[in-house]
Ligand code: SAH
Ligand code: SF4
Ligand code: F3S
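Numbering (this note's numbering), first residue to last: 328 to 772.
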């Protein structure tokens, strides 16, 4: 059976789709390009209005593919959880809807749908505990960089955010299962592991884990023999423990990169967002992180135009962005989501003001991003090679793509032999807009 998966949204969704592909491939199904597929899986994101709309336009397009070849569509992820069986009415070709907690049952459900043409299935129940999945893979199939989920859901209910409603309550995964999956990956050739959760710093605090804190879990992962690089995302500033900051000093394989969403630099906005930290606390964390690892690469998320955000509030965000000098940031216009607290807040900021603020913020950030990449020029960084850097139209056998410890993309020229998966020192020679360029020494020929 030929299937095709399209994924929107965060790394959680990427990891979920990767698992589904693995599980279906194990059953003899084949992942093919869109034009050849008969079964389509759309893994959706509902964090803002825009990604939700993208889902509807994609479904409109896929409908046409299905008509010619007796195909059908499965909609999963956060929009599926939110909209549910309503999809069946609007898109008759949709035969399966599944929320994030329903994923583990999708392969069985797909086989049932194949066997019974009139059937429709919905998997929208939230689970009480973390849903384990079978991660076994054939020999030689381990990815060089792997995502490992350590929890599901979120308990924070930030006023703007739909995630706690689409992914349900926080459920930590048992640490022995996490460690087992990581060890198996490393034995099978994985070099870099990224631990995933909506708020990894509160791992274990929901009582569903087995008593281990995130700091202790991180320590165990860093100590797995042969794991070259460890990363984790996302961190909520209110829960970033001193032990986790200290881990950046203790474990050389813990990469000096942290995504620490700020959301706003105004204390009154932070308060109304329900973030439970102040800008002073945030700055203190940044200082401590940089004292621990001066080469720490910091990235963040910022929302502009949260209801009631004044010019003065926004200037404080700009001010904080300048003070921290983030290496990169993702910024978004506030978007109303159904059912979240902020949707009913007064003083919505007009669309054009949001656009204006976003633009100002992004221009400010561009300067810091450029400076951060420029600072790499002249240094030699160890890069994990992801594969060939094939420029469209001009495949060059000696161009490679990798990442330095801070997570920045490094394109470099080197030998023609396959370097994929190797850790190689690369001397950075040039900074581009979002990446850098470098070269490896002759000794690597
Ligand atoms: N769990 C992560 C964030 C997940 S959502 C965390 O807490 O850091 C990713 C980002 O989307 C958030 O950090 C926030 O900046 C943005 N976001 C979430 N809801 C939004 C909304 N309603 N409008 C605009 N941006 C939003
Ligand atoms: Fe959303 Fe806040 Fe949870 Fe992040 S911590 S997923 S922003 S509710
Ligand atoms: Fe989007 Fe759901 Fe992730 S709303 S950001 S796919 S948790």
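By construction, the Cβ of each residue, glycine as well, lies at the ideal position given by its N, Cα and C atoms.
Just so you know, these numbers come straight off a predicted model, no measurement behind them.
For the region 382 to 443, the full-length alpha helix (DSSP H) segments reaching 4 residues or more read 405 to 410, 413 to 417, 433 to 442 along the chain.
Given a length threshold of 4 residues, each whole run of the alpha helix (DSSP H) inside the region 466 to 512 is given here in chain order: 490 to 493. Close CB contacts of residue 331 within its chain, under the 8 Å cut and outside five residues either way in sequence, are with 358, 359, 360, 361, 363, 364, 366, 367, 368 (chain order). At a cut-off of 7 Å, the beta-carbon of residue 476 does not count as near ligand 3: no heavy atom of the ligand is closer than that. A direct Cα-to-Cα measurement between residue 405 and residue 351 gives close to 21 Å. For residue 494, the shortest separation between its Cβ and any heavy atom of ligand 3 lies below 7 Å. In the displayed model, residue 458 falls within coil according to three-state DSSP, outside both helix and strand.
At a Cβ-Cβ threshold of 8 Å, residue 562 and residue 530 do not count as neighbours.
Counting C-beta atoms within 10 angstroms of its own C-beta, residue 643 has 16 or more neighbours from the protein chains shown and is therefore classed as buried. With a cutoff of 7 Å, residue 634 does not count as near ligand 2, since its C-beta is closer than that to no heavy atom of the ligand. Residue 710 sits in a strand when the DSSP states are folded into three classes. Pairwise C-beta distances place the region 597 to 605 in contact with the region 485 to 492, as three or more of them are shorter than 8 Å. With respect to residue 678, residue 648 sits apart: the two C-beta atoms are not nearer than 8 Å. About 7 Å separates the beta carbon of residue 709 from that of residue 731, a gap short enough to meet the 8 Å contact definition. Apart from sequence neighbours up to five positions away, the residues of its chain that approach residue 453 with a beta-carbon distance below 6 Å are 428, 495, ordered along the chain.
The shortest C-alpha to C-alpha distance from residue 768 to any of 757, 747, 739, 745 is the one to 739. Ligand 2 approaches residue 526 closely enough that one of its heavy atoms is under 7 Å from the residue's Cβ.
Residue 420 sits away from residue 448, with the two beta carbons spaced by 8 Å or more. Bounds of any alpha helix (DSSP H) do not take in residue 364, whose DSSP letter is neither H nor E. Runs of the alpha helix (DSSP H) spanning 4 or more residues and lying entirely within the region 605 to 657 occur at 606 to 619, 638 to 651, in chain order. Taking C-beta atoms under 8 Å as the contact rule, residue 765 and residue 755 qualify, at a distance of about 4 Å. Rounded to the nearest angstrom, the gap between the Cα atoms of residue 523 and residue 339 is 7 Å. Non-local C-beta neighbours of residue 407 in its own chain, meaning closer than 8 Å and more than five positions away in sequence, comprise 371, 414, 424, 425, 426, 451, ordered along the chain. Take the alpha-carbon of residue 582 and the one of residue 556: they are about 6 Å apart.
In this structure residue 442 is exposed. Its beta-carbon is surrounded by fewer than 16 other beta-carbon atoms within 10 angstroms.
Residues 369, 371, 414, 421, 424 of the same chain have their beta carbon placed closer than 7 Å to that of residue 402, with the five preceding and five following residues left out of the count. Here the distance from the Cβ of residue 401 to the nearest heavy atom of ligand 3 is not below 7 Å. Residue 490 is classed as buried because its beta carbon has at least 16 other beta carbons within 10 Å across all chains shown.
Counting along the chain, residue 548 sits inside the alpha helix (DSSP H) bounded by residues 541 to 549. The nearest non-hydrogen atom of ligand 2 is 7 Å or more from the C-beta of residue 340. For residue 476, same chain residues with a beta-carbon under 6 Å away, outside a window of 5 residues either side, are 342, 523 in chain order. Between the C-alpha atoms of residue 564 and residue 519 there is a straight-line separation of about 24 Å.
Per the Cβ contact rule, the region 584 to 598 is not in contact with the region 544 to 553 (fewer than 3 Cβ pairs under 8 Å). In the DSSP assignment, residue 562 falls outside any alpha helix (DSSP H) and carries neither an H nor an E. Excluding residues up to 5 positions away in sequence, 375, 628, 629, 630, 631, 685 lie with their Cβ nearer than 8 Å to the Cβ of residue 659 in the same chain.
About 6 Å separates the CB atoms of residue 536 and residue 502; that is less than 8 Å, so the two are in contact.
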